[in-house]
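Visitor: My structure is below; once you've seen it, I'll send some questions.
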Amino acid sequence: MKSRTMEKRAFLALLLLLSSLYVAGLYRSEAQPPALVVLSGSATLKSSSSSNGTHLYVLSVRVPPLSKLSEETIACVYNAGIASAKASLGVVEVRGGGDYACLTYTFDNRGLGYVEDTVSLVVVEPPRAASPPVAEVAVAVAAVAATSYLTLTESGRQKLFAALSAPVAYYVAKREDVLRSEKRVRILEYLKQNPGASMRRISRETGVSFGEVQWHLSILERLGYVQRVRIGKYTVYYPTGVPAERWLACFAERELGLKVKPGALEKALPSLEEYLAFRQIPLEALRSALGS
């Protein structure tokens, strides 16, 4: 019993030391760099460059034939603000503020072919905050750590990181940490039962706000738990590994109100393979493949 007590004390002392060193380094280092998260299946990052705290991102937006993107949120920037944004063909608008800003895109493709548009955005980092006294920070960390005992549960870590104002991405960096969030688990379990759901449906039926759904899905997608596809105006998600005929059937029935006959999608898949490869399916192509 005594040896276990000594081990716990030593473990706690080590964690206190590491936490103090981490905080000292956190405040002495440069501000957190901007994080660009692409949220739309229609958009991809083409290039990025940085100079003196200013970052230029160039996105490519691919609009399917006979489809319209209306105020589609294509990307969000965290830890910085969007100074300017422009598109070659469509209309872009910056929304949000504070620690993040999001970019929406609108374009109506009335042609019979895909349209590629280029979107450029300039991101500016906020001014660097003043460094607090290292001793005071270390004492604050020690108090929080001693209170929560720095357990290996997410709740314990959240208390510590909340006290340090550390970014959420810091403790969601590892795959094993992802499922420790109750809301992410709720979203993932919902998708397992309802593959091919849109973000708005996920938000409505799980009770998680739309903004949080976007954030959690971006994490789940980045770490390989889910995939996304653009179908007409919808961005739909499904768990990785779920066959296309299953999540497409769920999407067609729940979002479009179509009746899908058994085996219909298996027969229709060859005609949709090219669209699936680009992860963008025009609504008319899906309806035509289903014969509706």
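With the numbering used here, the residue at position 169 of the sequence shown is 162, and numbering never jumps.
Note that CB positions come from ideal geometry on N, CA and C, so glycine has one too.
Roughly how many angstroms separate the alpha carbons of Glu65 and Leu216, rounded to a whole number?
Guide: 23 Å
Visitor: Under 8 Å by Cβ, that's how I've got Val30 and Cys69 pegged, so tell me the actual separation to the nearest angstrom.
Guide: Confirmed, about 5 Å.
Visitor: My parser needs the alpha helix (DSSP H) runs of 4 or more residues fully inside the region 226 to 263; what are they?
Guide: 237 to 247
Visitor: Tell me which residues share the same chain as Gly34 and place their Cβ nearer than 6 Å to its Cβ, disregarding the 5 neighbours each side in the sequence.
Guide: Arg221, Val222, Arg223, Thr228 and Arg272
Visitor: So, do the region 77 to 92 and the region 250 to 257 have three or more beta carbon pairs nearer to each other than 8 Å?
Guide: no
Visitor: Between which two residues does the alpha helix (DSSP H) harbouring Arg193 extend?
Guide: Met192 to Thr199
Visitor: Taking the Cβ atom as the reference point for each residue, do Thr199 and Tyr218 lie within a distance shorter than 8 Å?
Guide: The Cβ atoms of Thr199 and Tyr218 do not sit closer than 8 Å to each other.
Visitor: On a Cα-Cα basis, can you pick out the residue from Val112, Ser77, Ala73 and Asn45 that is closest to Ile67?
Guide: Of the listed residues, the one whose Cα sits closest to Ile67 is Val112.
Visitor: Suppose the cutoff is 7 Å on Cβ atoms and the five residues either side in sequence are ignored; what does the same chain contact list for Leu269 look like?
Guide: Answer for Leu269: Ala237, listed in chain order.
Visitor: Go ahead and pull the three-state DSSP assignment for Ala270.
Guide: When secondary structure is reduced to three states using DSSP, Ala270 falls in the helix class.
Visitor: Would you list the residues sitting across from Arg323 in a DSSP beta bridge?
Guide: In the structure as shown, the chain begins at -6 and stops at 285. Residue 323 is therefore absent and cannot be evaluated.
Visitor: Going by the beta-carbon positions, is the gap between Leu49 and Ser41 smaller than 8 Å?
Guide: A Cβ-Cβ contact shorter than 8 Å links Leu49 with Ser41.
Visitor: Would you kindly work out how many angstroms separate the C-alpha atoms of Tyr183 and Thr97, rounded to a whole number?
Guide: 26 Å
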